[in-house]
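Below: one structure, written as structure tokens.
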């Protein structure tokens, strides 16, 4: 179709600059993206609500089948990721202390070390790094296994057997990931706080353990514990929902599974960062 | 004739009234339209059609997995998609569906776990509680030596047999089979026909009670001495042929194509 807003060669378009400088195709592109975005958010919200309803309505149904699935999810997304979490915790503690101690020393406020560790590691980087690690290691696997199951018709087979696919496939992953990300974050934070002190010790910084830990204790408030639990379990829920949604929500062909995986990773990262930003507002109000 | 009148007095297990079948995926148009079909208890139907005639979608619609594009589908006297979810799930338990090809087993579970899953989920059984029933059905289907194998390590013929065991473990009243003989060798074909004939006449597993069977096929050849009711999907239409005598007497040209003897 011809674009009525397009200028003919040589025409003076300055008088209609208000609406014609953006090509129609660009507006169409933005519009399409916007509609696709709202459609995804709408689908995801509906999927999340269905999962929540199923989770509460069927919490005791088929417990001998579903509880072992939750345990195996915690094993896969939690226990098996402990070595990687230890490594990241060590690195994170050293990097944060390494970067900040030097600055703090220069302006002579070493007694803020604990406050910085709490703001950076406990409130922000700890939960986010753990969530991204679980997304990379387990979230991708979830999209691939569910997408393949969907493409091979296993989901219809579950329905034909009277097994609720959301209860059997999604609920264990949501609970498993929420528990795993919470536990792994606590573990990562402990390792990071200890490795931070280790770094300071190795650098001969005059910081006694008692000082360091009392700084940490005074910087922490009870809200930190509550918000950490809430934030990490929401990260787990979001990652599980987005990955399950991409794998299950629409009929896939086997060759579309890779596309669904990258889409799920992108959407999960955006959702986690947005949630993190929302929590920042809560911390600022606190 | 008398017999058929007596049967029609009972509620049909599956009933389609002017139903139209549409594919689940893709944008292809209607596959079959204007289906009037009543499946009475203890019947043995075979529905044949050439490739792409919509047999799989027809069975999925009959099993209540897919919505008909038009008309109405009733399971056990109730319209499928007006039912509450719990009721629909309960009705699905009374229908066993065996998918075509490799039977869509769950590849992360062993054969025994696959077979046990519906029972464990429905009755909330532990693995140990379900063991006895699983062993019984695996022995019945000669799968006991493959119990701990992962489906992908078995040939598709054996996987389909495991799918049959999985569908039977809840003792459904009606068994729907999507192209069970497709790609089977002589030995497997003989086994399937004997086994289904036994189920249809009543076997010990069901306490001697006969069950209703609906199978789809590419050709009637192997089925003509086993099944008792025949129908055809042709040019997007449903065509009921009748019993064995009507099948032999029918002048339908496609029947020559779908009555070829296998092997």
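Chains as they are written, first to last, in my numbering: chain C, -10 to 275; chain Y, 4 to 266. Cβ atoms here follow ideal geometry from the backbone N, Cα and C, with glycine treated the same way. Treat the numbers as computed from the prediction; the structure is a model and nothing was measured.
Nearest in C-alpha terms to residue 42 of chain Y, of all of Y:165, Y:16, Y:147, Y:132, is Y:16. With contacts defined by Cβ atoms closer than 7 Å, residue 159 of chain Y and residue 203 of chain Y do not form a contacting pair. Residue 240 of chain Y sits exposed, since fewer than 16 C-beta atoms from the chains shown fall within 10 Å of its C-beta. About 14 Å separates the beta carbon of residue 57 of chain Y from that of residue 76 of chain Y, a gap too long to meet the 8 Å contact definition. Assignment of beta-bridge partners to residue 52 of chain Y by DSSP yields Y:236. In the DSSP assignment, residue 53 of chain C falls within the alpha helix (DSSP H) that extends over 52 to 66. Looking only at C:139, C:168, C:202, C:169, the smallest Cα-Cα distance to residue 184 of chain C is reached by C:202. The criterion of a C-beta distance shorter than 7 Å is not satisfied by residue 115 of chain Y and residue 122 of chain Y. Distance from the CA of residue 21 of chain C to the CA of residue 61 of chain C, rounded to the nearest whole angstrom, comes to 40 Å. Under the DSSP assignment, residue 113 of chain C falls outside any beta strand (DSSP E); it carries neither an H nor an E label. Rounded to whole angstroms, the Cβ separation of residue 39 of chain C and residue 155 of chain C is 6 Å, and the two are in contact under 8 Å. Per the DSSP secondary-structure output, residue 41 of chain Y pairs in a beta bridge with Y:18. Taking a C-beta cut-off of 8 Å against chain C, the contacting residues of the stretch 50 to 74 of chain Y are 63, 66, 68, listed in chain order.
In this chain, residue 177 of chain Y is not harboured by any alpha helix (DSSP H); it is covered by the beta strand (DSSP E) spanning 177 to 180.
DSSP assignment within the stretch 126 to 208 of chain Y yields the following whole beta strand (DSSP E) runs of 3 residues or more, N-terminal first: 177 to 180. Here the alpha carbons of residue 98 of chain Y and residue 151 of chain C stand approximately 10 Å from one another.
Separation of residue 160 of chain C and residue 258 of chain C (C-alpha to C-alpha, rounded to the nearest whole angstrom) is 21 Å. Cβ contact annotation for residue 105 of chain C (same chain, cutoff 8 Å, sequence separation greater than five): 85, 89, 93, in chain order. Among the residues facing chain Y, residue 143 of chain C is included, as its CB has a counterpart in that chain under 7 Å away.
Secondary structure note for residue 226 of chain C: its alpha helix (DSSP H) is the uninterrupted segment 211 to 237. By the neighbour-count criterion, in which a residue is buried when 16 or more other Cβ atoms sit within 10 angstroms of its Cβ, residue 102 of chain C is buried.
By the beta-carbon neighbour count (other beta carbons within 10 angstroms, threshold 16), residue 239 of chain C is exposed. Separation of residue 14 of chain Y and residue 34 of chain C (C-alpha to C-alpha, rounded to the nearest whole angstrom) is 42 Å. Straight-line spacing of the CA atoms in residue 146 of chain Y and residue 193 of chain Y works out to 16 Å. Between residue 132 of chain C and residue 66 of chain C a beta carbon distance of about 14 Å is seen, past the 8 Å cut, so the two are scored as non-contacting. Interface residue (Cβ-Cβ distance to chain Y less than 7 Å): residue 123 of chain C is not classified as such. Of all alpha-carbon atoms in Y:49, Y:232, Y:66, the one lying nearest the alpha-carbon of residue 24 of chain Y is that of Y:66. Taking one beta carbon from each stretch, the stretch 163 to 175 of chain C and the stretch 105 to 124 of chain C have 3 or more pairs nearer than 8 Å; the two touch. One thing to note: residue 170 of chain C has its Cβ within 7 Å of the Cβ of residue 119 of chain C.
Taken in chain order, no unbroken stretch of beta strand (DSSP E) lies wholly in the stretch 150 to 193 of chain C with a span of 3 residues or more. Within chain C, the residues placing a beta-carbon under 8 Å from that of residue 121 of chain Y are 150, 151, 152, ordered along the chain.
Beta-bridge annotation (DSSP): residue 82 of chain Y is paired with Y:77. If you check each beta-carbon in the stretch 37 to 54 of chain C against every beta-carbon of chain Y, the ones closer than 9 Å belong to 49, 50, 51, 52, 53, 54.
With respect to residue 63 of chain C, residue 165 of chain C sits close: the two C-beta atoms are nearer than 7 Å. Assigned with DSSP and collapsed to three states, residue 220 of chain Y falls in strand. Judged by their CB atoms, residue 215 of chain Y and residue 53 of chain C are not nearer to each other than the 7 Å cut-off.
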